[in-house]
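To keep things clear, I will list the structure first and then write my remarks on it.
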Amino acid sequence: MARNAHPRAMAPAKPGSTRTAPPRLPDRFPLGGRYLAYTLFDWTGILYLLLGLLVLCAVWSLGSGESVWNALLERHRSAPYIGFHAIALVGVVFVGIRFFGFFPKAQPPRIGPLKPPPGPVILAALYALWIGVTVVLTIVLAGGARG
Amino acid sequence: MKHPLLKLEPLIWLLFGQGILLGTVLLTPWLLVVGLGVPLGIVPADALSYERAHALGSHLVGRIVLLGLIALPLWKGAHHMRHTLIDLGGARRDAWVAPLLYGIATAGSALAVVAVVRL
C-alpha cells in the first residue's frame, strides 16, 4: 500500500472545480528499486552547492595574498577535506555518467529546421568533451604545461 | 513568491542544466588536482604555488573558467536541492526554501564575479 504524499505536493496555484484524489508517493520511494539512482542524483545537489562554495573560498583566498592561499592549501591536506573531495569526485562522476546517459534521450525531434544527431553521436561527443577537458585542465593545473 | 519563480524558471533551468554539464566537466579536473592530487602528494605541491596559481587564475581564460566553476555548480546544487526537498516534504515549505537556495546561488554568483575580478 502506497503511503500518502504531502497533500499539497502537486496542488495547482488555483484550486480547480474538479475534486481529485490526494497524490500518493510510490511504495519504494525514495531509496527502493529504481528510485535509488533518482534520489542519489538529486542529493548530489548538496555536493555541488558545497563544491561551488569551496571553489569560491579558494578563488577568494587566491585573491587575498600568498599567506591566505597557502593556509587554504594546508587546510586541503586535512582528512575531512580529502574525504569530502573523494566523495565529491565519486558524486561528480556519477552525475556525469547519469546525465550524459539520458541527455540523448531528452532531445526534441527537431531543433528548428534541423534534426538532432543520433543518440550515440551525442553520447560520444559528451564523453569526448568531458574526457578532453579533464585531461587538458588536469595537465595545466598539475603543471604539465609549464615551459 | 511562486509567480516570479515561474517567470524565472527558463533562466534557472538554463543555469541548472549548464551546472550539470559544464559544472561536471570543470569540477572533475579541479577535484583531481586541487582536491586530491596535491593534498595527497600525487601532484607536486609547486603546481599550486601562489605565483603559478595566481598566474593561471588571473588570465582571462582562467577567470572565465573559475567563474563557471563557482557559479554553475551553485545553481545545479540549489535547483536539485529544492526539488529533493519538494519530493521529500511537499511543496508547502517551497515558499521559503526556493528563495533561500536561489538566494545562495545568486549571492555566490555575484561573489564569484568579485572574486575573479580581484585576482
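Protein chains in written order, with the working numbering: chain A, 1 to 147; chain B, 1001 to 1119.
Built from N, CA and C at the ideal position, the CB exists for glycine as well.
In the DSSP assignment, T134 of chain A falls within the unbroken alpha helix (DSSP H) covering G119 to A142.
Separation of the CB atoms of W1075 of chain B and L1015 of chain B is rounded to 4 Å, and the pair is thereby assigned contact status at 8 Å. Just measuring C-alpha positions, the residue of A:R19, A:G52, A:L40 and A:I131 sitting nearest G1108 of chain B is A:G52. Within the segment 1029 to 1042 of chain B, the residues whose Cβ lies closer than 8 Å to any Cβ of chain A are, in chain order, P1029, W1030, L1031, L1032, V1033, V1034, G1035, L1036, G1037, V1038, P1039 and L1040. Comparing alpha carbon positions, the residue from B:L1056, B:M1081 and B:G1090 closest to I46 of chain A is B:M1081. V95 of chain A has its alpha-carbon roughly 18 Å from the corresponding atom of G1035 of chain B. According to the DSSP secondary-structure assignment, I111 of chain A is paired through a beta bridge with A:L114. Taking the Cβ atoms as the reference, D42 of chain A lies roughly 4 Å from T1084 of chain B, within the contact range of under 8 Å. Neighbourhood of P1044 of chain B in chain A, by CB distance below 7 Å: G143, in chain order. Taking the Cα of G1041 of chain B as reference, the smallest distance to any Cα among A:P108, A:A125 and A:I82 is reached at A:I82. In this structure, the CA atom of A1047 of chain B is about 15 Å from the CA atom of A58 of chain A. When rounded, the separation of the alpha-carbon atoms in G91 of chain A and P120 of chain A is 24 Å.
A Cβ of chain B is located within less than 9 Å of the beta carbon of G45 of chain A. The three-state secondary structure of M1081 of chain B, taken from DSSP, is helix. With a cutoff of 9 Å on beta-carbon distance, A37 of chain A and R110 of chain A are scored as not near each other.
Under the three-state reduction of DSSP, G1062 of chain B is assigned to helix.
Cβ-Cβ separation between P104 of chain A and L123 of chain A: approximately 5 Å, consistent with a contact (criterion under 8 Å). One thing to note: P30 of chain A has its Cβ no nearer than 9 Å to the Cβ of D1094 of chain B. Between T1028 of chain B and L62 of chain A, the C-beta gap is not smaller than 9 Å, which leaves the two residues out of contact. Proximity to V136 of chain A across B:L1026, B:L1008 and B:W1013 peaks at B:L1026, based on C-alpha coordinates. The alpha-carbon of A1071 of chain B is positioned some 23 Å away from that of A142 of chain A. Straight-line measurement puts the Cα of G1089 of chain B at about 42 Å from the Cα of L1119 of chain B. Between A21 of chain A and A1091 of chain B, the gap from beta carbon to beta carbon reaches 9 Å or more.
Against chain B, the CB of P109 of chain A has no partner CB under 9 Å away; the residue lies outside that interface.
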